[in-house]
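What follows is one structure encoded as structure tokens, with my remarks underneath.
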Amino acid sequence: MKKILITGGAGFIGSHVVRLFVQKYPQYTIVNLDKLTYAGNLENLKDIEHHTNYIFEKVDIVDANAIDTLFEKYKFDSVIHLAAESHVDRSILNPLEFIMTNVVGTVNLLNAAKKCWHDDFSGKLFYHVSTDEVYGSLGETGLFTEETAYDPRSPYSASKASSDHFVRAYENTYHLPVVISNCSNNYGAFQFPEKLIPLFINNIKNNKPLPVYGKGDYTRDWLFVEDHATAIDTIFHNGKLGETYNIGGFNEWQNIDLIKLLCAIMDKKLNREKGSSEQLITYVKDRPGHDKRYAIDASKLNKELGWKPSLQFEEGLEKTVDWYLQNETWLHHVTSGEYQNYYKHQYELS
Ligand code: NAD
Ligand code: TYD
43 MKKILITGGA
53 GFIGSHVVRL
63 FVQKYPQYTI
73 VNLDKLTYAG
83 NLENLKDIEH
93 HTNYIFEKVD
103 IVDANAIDTL
113 FEKYKFDSVI
123 HLAAESHVDR
133 SILNPLEFIM
143 TNVVGTVNLL
153 NAAKKCWHDD
163 FSGKLFYHVS
173 TDEVYGSLGE
183 TGLFTEETAY
193 DPRSPYSASK
203 ASSDHFVRAY
213 ENTYHLPVVI
223 SNCSNNYGAF
233 QFPEKLIPLF
243 INNIKNNKPL
253 PVYGKGDYTR
263 DWLFVEDHAT
273 AIDTIFHNGK
283 LGETYNIGGF
293 NEWQNIDLIK
303 LLCAIMDKKL
313 NREKGSSEQL
323 ITYVKDRPGH
333 DKRYAIDASK
343 LNKELGWKPS
353 LQFEEGLEKT
363 VDWYLQNETW
373 LHHVTSGEYQ
383 NYYKHQYELS
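First residue of the sequence shown: 43, per my numbering; consecutive thereafter.
Right, here's the structure in full:
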């Protein structure tokens with residue numbers, strides 16, 4: 043029996059984590075806290091919302107009183123913290139929002155947990171979900187390990203790095219039981235179409251230009267989101283307190299190669315002439331401060347806890363394309379309204 047608070051459960055990764063925990067652990071109570079920003083959508087959890095071990099609470103983590111009240115109400119014994127502002131381009135437009143949610147929001151949760159647990163930490167856990175972007179940018183070679191020094195370079199990664207530091211500071215100063223994981227780029231169902239893969243799937247479907255930043259020679263390391271969720275499950279249950287675990291699939295792709303693979307899959311799925319989606323590729327002004335390369339060494343997680351990813355990238359990408367093509371209503375709902383303004387500002391007005 044556990045009462046777990048999962049924050050950001052209506053978002054992309056959070057919804058997969060909530061689904062996994064609700065289905066796999068009927069003996070746990072899962073409380074999903076989410077503010078439902080543009081990126082949070084309860085449609086992501088329709089299939090599990092009627093489970094008796096699932097509860098949703100609409101709360102903003104920046105509101106310290108609301109967080110304290112929630113801890114008093116449920117007396118959680120663990121927290122899996124995913125709520126965040128998560129898109130680099132938006133962080134360049136509005137850094138303060140990232141500081142509020144990612145830094146102040148995280149500290150509010152740490153304070154509430156510490157207060158609620160009355161400094162008796164047996165059986166308690168604060169699990170903070172972070173990103174490989176805190177490590178900065180790699181050159182042609184090398185991988186991020188858990189020992190790599192932090193070197194965040196965008197407002198997003200600076201805010202995540204700051205939140206990681208606060209989590210470690212609470213461990214060192216108050217002995218709060220914490221664990222942190224830093225994962226590479228995720229892809230899969232329910233990802234908001236502002237991030238590379240769902241944005242480009244949606245644009246190809248609608249015959250819209252594919253805005254490739256710079257020369258497209260940036261490298262990212264991609265992991266299927268359901269594999270991230272199983273890694274979180276593994277670390278939550280078996281990770282050592284105070285440790286950091288890198289999560290990744292040893293799966294580096296230069297953007298332009300990934301985009302060409304995606305175009306080929308889309309041509310096949312949409313019965314379009316071979317090569318037609320590639321014609322939509324449009325090189326646009328680069329992202330300011332664009333990190334060159336991310337690549338994760340996830341061997342600690344494999345060696346110590348036995349976790350490994352379940353599928354190959356090509357298979358995962360095809361599954362992802364199928365999901366977006368089969369879920370037009372979802373895509374339509376999330377791309378109407380505010381999305382149109384963001385798209386105009388980011389890609390058409392600049
Ligand atoms: P997302 O943007 O899809 O979802 C974020 C969720 O947090 C949304 O449901 C949103 O409503 C909620 N939220 C935002 N501000 C809030 C606030 N003030 N109070 C309460 N809820 C709030 O993000 P994601 O891609 O699912 O990322 C989840 C976590 O994983 C983040 O912490 C992110 O830094 C981390 N991460 C993401 C990736 C990736 O590739 N997407 C990779 C590694 C780590
Ligand atoms: P993104 O999905 O935003 O993830 P992150 O920046 O957190 O790694 O972007 C992945 C890569 O794709 C990154 O190098 C930026 C690039 N990109 C484009 O070229 N065009 C786009 O429109 C977007 C959103 C991203």
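We put the CB at the ideal spot given by N, CA and C, even for glycine.
Check	Outcome
Check the DSSP bridge columns for Leu-252 and list the partner residues they point to.	Ile-323
Using CA coordinates, which residue listed in Lys-66, Phe-113, Leu-78, Asn-107 is at the minimum distance from Tyr-96?	Lys-66
To the nearest angstrom, report how far apart Ser-204 and Ala-154 are at their CA atoms.	18 Å
In this structure, does DSSP put Phe-140 in helix, strand or coil?	helix
Whole angstroms are fine: how far does the CA of Asp-102 sit from the CA of Ala-108?	8 Å
Using the Cα positions of Asp-263 and Asp-269, report the straight-line distance between them to the nearest angstrom.	13 Å
Name the residue from Glu-380, Asn-293, Asn-136 whose alpha carbon lies nearest to the alpha carbon of Ala-81.	Glu-380
Could you compute how far the alpha carbon of Tyr-325 sits from the alpha carbon of Glu-139?	29 Å
Out of Pro-330, Pro-253, Arg-210, His-93, state which residue places its alpha-carbon closest to the alpha-carbon of Leu-135.	Pro-330
Could you tell me the boundaries of the alpha helix (DSSP H) in which Gln-382 lies?	380–385
Looking at C-alpha atoms only, which residue of Gly-256, Lys-386, Ile-274, Thr-272 is the closest neighbour of Asp-328?	Gly-256
Let me know the secondary structure DSSP gives Val-176 once reduced to three states.	helix
Quick check: the segment 238–253 against the segment 356–374, are at least 3 beta-carbon pairs closer than 8 Å?	yes
Report yes or no: do the segment 156–166 and the segment 189–205 share at least 3 C-beta pairs separated by less than 8 Å?	no
In the DSSP assignment, what residue or residues form a beta bridge with Phe-292?	According to DSSP, Phe-292 bridges with nothing at all.
Going along the chain, which unbroken runs of the alpha helix (DSSP H) with 4 or more residues stay wholly within the segment 153–209?	none
Rounding to the nearest angstrom, what Cα-Cα distance links Gly-178 and Ser-199 in this structure?	8 Å
Is any heavy atom of ligand 2 found at a distance shorter than 7 Å from the C-beta of His-129?	yes
In whole angstroms, what separates the C-alpha of Lys-77 from that of Ile-122?	16 Å
Would Ala-340 and Asn-288 be called neighbours here (beta carbons separated by less than 8 Å)?	yes
Mind reading off the beta-carbon distance from Glu-285 to Val-221? Whole number of angstroms is fine, and I expect it under 8 Å.	6 Å
Less than 8 Å separating the beta-carbons of Ala-106 and Gly-50?	no
Pick out the complete beta strand (DSSP E) segments inside the segment 44–87, 3 residues or longer, and give them in chain order.	45–49, 71–76
At 4 residues or longer, and completely inside the segment 212–291: list those alpha helix (DSSP H) runs for me, N to C.	238–247, 267–280
Out of Ile-338, Asp-119, Gly-147, state which residue places its alpha-carbon closest to the alpha-carbon of Gly-181.	Ile-338
Anyone know if the C-beta pair for Asp-206 and Val-176 falls short of 8 Å?	yes
Does the distance from the C-beta atom of Ile-90 to that of Val-64 stay below 8 Å?	yes
Tell me which residue opens and which closes the beta strand (DSSP E) that Tyr-336 is part of.	That residue, Tyr-336, is in no beta strand (DSSP E); it is neither H nor E in DSSP.
Is the beta carbon of Gly-147 sitting closer than 8 Å to the one on Val-104?	yes
So, does the segment 339–358 touch the segment 235–244, judging by three or more C-beta pairs under 8 Å?	no
What do you reckon, is the C-beta of Lys-88 under 7 Å from a heavy atom of ligand 1?	no
Is Glu-182 a contact residue of ligand 2, with contact defined as CB to any heavy atom under 7 Å?	no
How would you call Thr-377, buried or exposed, if buried means at least 16 neighbouring beta carbons within 10 angstroms?	buried
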